[in-house]
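Engineer: Residue 114 in numbering that gives the first Met the number 0 sits at position 115 of the sequence shown, with consecutive numbering throughout. Cβ atoms here follow ideal geometry from the backbone N, Cα and C, with glycine treated the same way. These numbers come from a predicted model, not from an experiment.
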Amino acid sequence: MTTTPAPSAAAAPAAAATPSLLATLAGHHYTDPEIFRQEQEKIFERLWFCAVRSADLERPGAFRTVRVGRESVLITRNRTGALRAFLNVCRHRGAQLCTEESGEVRRNLQCPYHAWTYDLDGRLVAAPNLQKMPDVDRGERALVAVPLREWLGYAWVCLADEPPSFEDTVIGAAVERLGDAASLDRYRTEGLALGERRTYDVAANWKLIIENFMECYHCATIHPELTEVLPEFADGFAAQYYVGHGAAFAEEATGFTVDGTEGFGRLPGIEDTQDRRYYALTVRPQVFVNLVPDHVIVHRMFPMAPDRTVVECDWLYLPEVVASGADVSKSVELFHRVNAQDFDACERTQPAMHSRAYRAGGVLVPSEHHIGVFHQWVTDRLAGEEAPCQE
Numbered sequence: 000m001t002t003t004p005a006p007s008a009a010a011a012p013a014a015a016a017t018p019s020l021l022a023t024l025a026g027h028h029y030t031d032p033e034i035f036r037q038e039q040e041k042i043f044e045r046l047w048f049c050a051v052r053s054a055d056l057e058r059p060g061a062f063r064t065v066r067v068g069r070e071s072v073l074i075t076r077n078r079t080g081a082l083r084a085f086l087n088v089c090r091h092r093g094a095q096l097c098t099e100e101s102g103e104v105r106r107n108l109q110c111p112y113h114a115w116t117y118d119l120d121g122r123l124v125a126a127p128n129l130q131k132m133p134d135v136d137r138g139e140r141a142l143v144a145v146p147l148r149e150w151l152g153y154a155w156v157c158l159a160d161e162p163p164s165f166e167d168t169v170i171g172a173a174v175e176r177l178g179d180a181a182s183l184d185r186y187r188t189e190g191l192a193l194g195e196r197r198t199y200d201v202a203a204n205w206k207l208i209i210e211n212f213m214e215c216y217h218c219a220t221i222h223p224e225l226t227e228v229l230p231e232f233a234d235g236f237a238a239q240y241y242v243g244h245g246a247a248f249a250e251e252a253t254g255f256t257v258d259g260t261e262g263f264g265r266l267p268g269i270e271d272t273q274d275r276r277y278y279a280l281t282v283r284p285q286v287f288v289n290l291v292p293d294h295v296i297v298h299r300m301f302p303m304a305p306d307r308t309v310v311e312c313d314w315l316y317l318p319e320v321v322a323s324g325a326d327v328s329k330s331v332e333l334f335h336r337v338n339a340q341d342f343d344a345c346e347r348t349q350p351a352m353h354s355r356a357y358r359a360g361g362v363l364v365p366s367e368h369h370i371g372v373f374h375q376w377v378t379d380r381l382a383g384e385e386a387p388c389q390e
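#1: State the Cα-Cα distance for the pair D271 and A114, rounded to the nearest angstrom.
#2: Would you kindly work out how many angstroms separate the C-alpha atoms of R196 and D313, rounded to a whole number?
#3: Please give the ranges of any beta strand (DSSP E) in the segment 156-232, keeping only runs that are unbroken, at least 3 residues long and fully inside the region.
#4: Spell out the partners DSSP gives T116 in its beta bridges.
#5: Going by beta-carbon coordinates alone, are L229 and Y277 separated by less than 7 Å?
#6: Are the beta-carbon atoms belonging to A144 and F62 less than 7 Å from one another?
#7: Can you list, in chain order, the residues of its chain with a C-beta nearer than 7 Å to that of C345? Leave out the 5 residues immediately preceding and following it.
#8: For R275, does the count of other Cβ atoms within 10 angstroms reach 16, so buried, or fall short, so exposed?
#9: Say whether chain C places a C-beta atom closer than 7 Å to the C-beta of R45.
#10: What are the start and end residues of the alpha helix (DSSP H) that includes E346?
#11: If I measure Cβ to Cβ from F35 and keep anything under 6 Å in the same chain, skipping five residues before and after, which residues do I get?
#12: Ordered along the chain, which non-local residues of its own chain (more than five positions away) have a Cβ less than 6 Å from that of Y112?
#13: Classify P391: buried if its beta carbon has 16 or more other beta carbons within 10 angstroms, exposed otherwise.
#14: Give the straight-line distance between the Cα atoms of C215 and C110, rounded to the nearest whole angstrom.
#15: Reducing DSSP to helix, strand and coil, say where H369 ends up.
#16: Nearest-angstrom Cα distance between E99 and G190?
#17: If distances are taken between C-alpha atoms only, which option among H222, A81, R358, I42 comes closest to V393?
#18: Whole angstroms is fine: what's the gap from L183's alpha carbon to G245's?
#19: Indicate whether V362 and A192 have their beta-carbon atoms separated by less than 7 Å.
#20: Is the CB-CB distance between L417 and G360 below 7 Å?
#21: Work out the CA separation of H374 and P387 for me, nearest whole Å.
#22: Short of 8 Å in beta carbon distance, which residues of its chain neighbour V282, apart from the five on each side in sequence? Order them along the chain.
#23: Within this structure, are the beta carbons of T188 and V295 separated by less than 7 Å?
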C-alpha cells in the first residue's frame with residue numbers, strides 16, 4: 000500500500016503540475032469473469048491472505064475452512080497447539096476433506112468418501128486395506144501443506160510455490176502507512192479478545208470496497224456519525240492519505256462510539272501521541288485495520304465472484320473488557336453503521352460498472368489520487384510484473 004506524506008510548501012510546484020482528475024480502471028475490470036479469475040490466480044493465490052483469527056481455533060482438533068482464490072484451505076490446530084494449513088483435498092480421489100466451515104475433531108481428519116484418515120499435521124495415518132499396500136508411501140500421500148504465519152492474532156496463509164517476503168509485503172504495509180512497525184505493535188492486537196464479529200455479504204467487486212476504504216471524499220455525504228467523531232474527515236482527506244497521520248477526535252468526543260460518549264480504558268501500549276486518534280491501514284490484498292485508543296477493528300475480505308464479496312469484521316478489546324461482560328454496543332454500532340453505509344455505496348456502484356457510461360471508467364479527484372497507486376498495483380499483478388507488490 001502506498002500513502003502520501005503530508006504536503007509541504009516545497010512540494011507545491013510538483014503538485015500543481017499534476018492533473019486534477021486521474022483516470023480509474025475501466026468498468027469491465029469490476030465485472031469481467033476472466034479478469035476476476037486472473038485476480039484469483041495472480042493476487043489471492045500468490046500473496047499472503049489473512050484467513051482466520053487464531054483464537055477461533057481454540058483447542059487441538061478445531062478446524063476452519065477458508066476460500067482463498069479458487070482453493071479451499073483447511074486450517075487446524077494440532078496436538079501441540081500449533082496451527083497448520085492444508086489444501087482441503089483428500090489425496091486419494093480428490094474429495095473435499097472437510098465440507099463444513101468450522102468444527103472440531105477428536106483426533107484425526109477423515110475423508111467422508113473413502114475414509115482416508117490424516118492426523119492434525121496432515122500425515123496419512125490410515126485407510127481401508129492400507130496395510131495390504133506396503134508400497135504406498137504415507138508421507139508422499141500426506142495432505143498438501145500451505146505456508147502459514149501468525150501476525151496480529153490472525154493466521155495468514157499463502158498458496159504460492161515461493162511465498163513473497165511476509166516482512167516486506169504484510170508487515171511492510173504497516174511501516175509504509177504508519178511510518179514504523181512499532182506504531183502498530185503498541186496496540187498488541189494479538190493479545191486482544193473478540194468482542195463482536197459481524198459478517199457482511201456485499202454485492203460488489205472487491206476492488207470497489209478497497210477503493211471506498213482508502214478515501215474519504217464520500218465521508219461528509221454518507222457518514223454523519225463518523226464525521227461527528229472525526230470532523231476532519233468531512234474535508235474529504237482520509238487518514239490513509241498521509242503517512243503516519245491519525246485523524247483527531249472531535250473536542251467534545253470522549254470515545255470512538257456512535258454518540259461520541261466514553262468507551263473503555265486506553266490500551267496500555269499506545270503512546271500519548273496516538274491517544275484520541277484514529278488510524279487506518281490497508282494490507283493488500285484483503286485486510287483493513289482500524290486503530291483507536293481502546294479497541295481495534297479488523298476487516299477481512301473474501302472475494303467470491305466479480306460482483307460478490309464477503310467481509311468479516313472483528314471488534315477487538317482488552318480481554319478484561321470482554322470477560323467483564325461490558326456493553327460494547329456503542330463502539331460496535333459506530334463502525335457497523337460505517338460498514339453498512341460504505342457497502343450500500345459499493346452495491347449502488349456495482350451495477351453501473353456494466354454501463355456504457357462507465358465503459359472507459361471514471362476519475363479520481365486529488366484527495367483520491369492515492370487510489371491510482373492501488374489500480375496500478377492490480378494492473379501490474381495481472382501483467383505478471385510482481386516487483387511493485389514488494390515495495
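Structural biologist: Reading off the structure:
#1: 57 Å
#2: Rounded to whole angstroms, R196 to D313 spans 5 Å at the Cα level.
#3: 192-201
#4: Q109, A125
#5: yes
#6: no
#7: V201, A203, L207, I208, N211
#8: buried
#9: No chain C is present in this structure, which holds just one protein chain.
#10: 328-348
#11: P305
#12: A94
#13: This structure leaves residue 391 out entirely; the chain is present only between 0 and 390.
#14: 48 Å
#15: helix
#16: Each residue's Cα considered, the two are about 28 Å apart.
#17: Here the chain covers residues 0 to 390 and nothing more, so residue 393 does not appear.
#18: 12 Å
#19: No, Cβ-Cβ distance for V362 and A192 is not below 7 Å.
#20: Residue 417 lies beyond the range of the chain shown here (0 to 390); nothing can be said about it.
#21: The pLDDT assigned to P387 is 40, lower than 50, so where the model puts this residue is not dependable; a value taken from the coordinates is nonetheless given after this. So the alpha carbons of these two residues sit roughly 12 Å apart.
#22: M0, C49, V169, A172, A173, V288
#23: yes
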